[in-house]
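Taking it in order: structure first as structure tokens, then the write-up.
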Amino acid sequence: MMTLVYEETVRIDTKAGVHENSLRVLVPQTVVQARRILTKWSRDITAIIMVTVLPVLFLITMNIVLGHAVTQVAGYDALFNTVPMNVLAAAVNGSAVGAIGLIVERDDGLLRRLWVVPVHRASGVCSRIVAEMVRIIITTGVVLAAGMVLGFRFKQGILPTLVWLGIPVLFGLAFATLITTIAWYASKNFLLESITLVHLLAILFSTGFLPVDQFPKWIQPVVTHQPISCAIDTMRALALGGPVRSPMIETLLWAAGITAVCIAPTLLGYRRASTRR
Numbered sequence: 001m002m003t004l005v006y007e008e009t010v011r012i013d014t015k016a017g018v019h020e021n022s023l024r025v026l027v028p029q030t031v032v033q034a035r036r037i038l039t040k041w042s043r044d045i046t047a048i049i050m051v052t053v054l055p056v057l058f059l060i061t062m063n064i065v066l067g068h069a070v071t072q073v074a075g076y077d078a079l080f081n082t083v084p085m086n087v088l089a090a091a092v093n094g095s096a097v098g099a100i101g102l103i104v105e106r107d108d109g110l111l112r113r114l115w116v117v118p119v120h121r122a123s124g125v126c127s128r129i130v131a132e133m134v135r136i137i138i139t140t141g142v143v144l145a146a147g148m149v150l151g152f153r154f155k156q157g158i159l160p161t162l163v164w165l166g167i168p169v170l171f172g173l174a175f176a177t178l179i180t181t182i183a184w185y186a187s188k189n190f191l192l193e194s195i196t197l198v199h200l201l202a203i204l205f206s207t208g209f210l211p212v213d214q215f216p217k218w219i220q221p222v223v224t225h226q227p228i229s230c231a232i233d234t235m236r237a238l239a240l241g242g243p244v245r246s247p248m249i250e251t252l253l254w255a256a257g258i259t260a261v262c263i264a265p266t267l268l269g270y271r272r273a274s275t276r277r
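Anchor point for the sequence shown: position 183 equals 183 in full-length UniProt numbering, and the numbering is continuous, going up by one each time.
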């Protein structure tokens, strides 16, 4: 016996005479779907705490416990390290939250339902990129505001400040690609556990936690050249002054490398999740 199953789908109207994969409908449909994702995130209290409250509390705690000691050792205010570190931490945490939400939408069948409605195929991916950018900008602003209350200041002018604000977006989007790739091929629990462990180790063994010369010599090259340290060093130089070219190049290479390696598996995983039965 064959059983017919009727599944209701939500249709998104397109302009008369315009093909669903036309570039004319890509932007408005991307905006609509990005708004849906952001609205969903804004209603998740756990996610809000994870990406805004926890980094701010960690920043305040580090400033109280280690701020004076690190300032004496480094010769400059420790906030020039800890503020970038916590901004980047918020970006990574938010990427994990976004990936978990993607897993839930896949398991609930929402991605499959969106795939069959007449919308531009690229709007799903583009909307997530836009939503990630908005989220990173918001979390960066929250952590930065807390840092400025504690005494953090930009001392190199407007252009370096704008570049400073762009680093978390670049860094966060690259890591969002990496985390999303892992999410397609791993369970939610494994994703949370692995990201938490790797993220914690990357923070502890970074120049945001301690100056590199305070680590054992055998691990100093790893600390210096790991991606979070490169981004922190770049942001410190942009805010305080100092060599910016080398850490900036390394940060760009890390971001480009991670994106290049992960973009194809991410898109393939998205398509498979959207078309599976």
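Every residue, glycine too, gets a C-beta built ideally from N, C-alpha and C.
Contact check, residue i vs residue j, beta carbons under 8 Å
i, j, result
"residue 186", "residue 98", "no"
"residue 147", "residue 51", "no"
"residue 273", "residue 111", "yes"
"residue 86", "residue 150", "no"
"residue 216", "residue 230", "no"
"residue 142", "residue 222", "no"
"residue 207", "residue 81", "yes"
"residue 240", "residue 76", "yes"
"residue 263", "residue 183", "no"
Local Cβ density within 10 Å of residue i, reported as buried at 16 or more and exposed below that
i, result
"residue 119", "buried"
"residue 268", "exposed"
"residue 205", "buried"
"residue 67", "buried"
"residue 214", "exposed"
Collapsed DSSP secondary structure at residue i in the structure displayed
i, result
"residue 24", "helix"
"residue 274", "helix"
"residue 237", "helix"
"residue 206", "coil"
"residue 242", "coil"
"residue 186", "coil"
"residue 226", "coil"
"residue 211", "coil"
"residue 216", "coil"
Quiz item: Residue ranges of each alpha helix (DSSP H) run of no fewer than 4 residues wholly in the segment 84-157, ordered along the chain?
Solution: 110-116, 123-150
Quiz prompt | In chain order, each alpha helix (DSSP H) run of at least 4 residues that lies wholly inside the segment 35-84 | solution = 45-48, 54-65, 67-74
Exercise. Flag this pair as touching only if the segment 123-136 and the segment 66-75 have three or more C-beta atom pairs under 8 Å; answer yes or no.
Key: no
Quiz item: At a cut of 8 Å, does the segment 247-259 reach the segment 227-234 through at least three beta carbon pairs?
Solution: yes
Quiz item: Do the segment 113-130 and the segment 26-33 make contact, defined as three or more Cβ pairs closer than 8 Å?
Solution: yes
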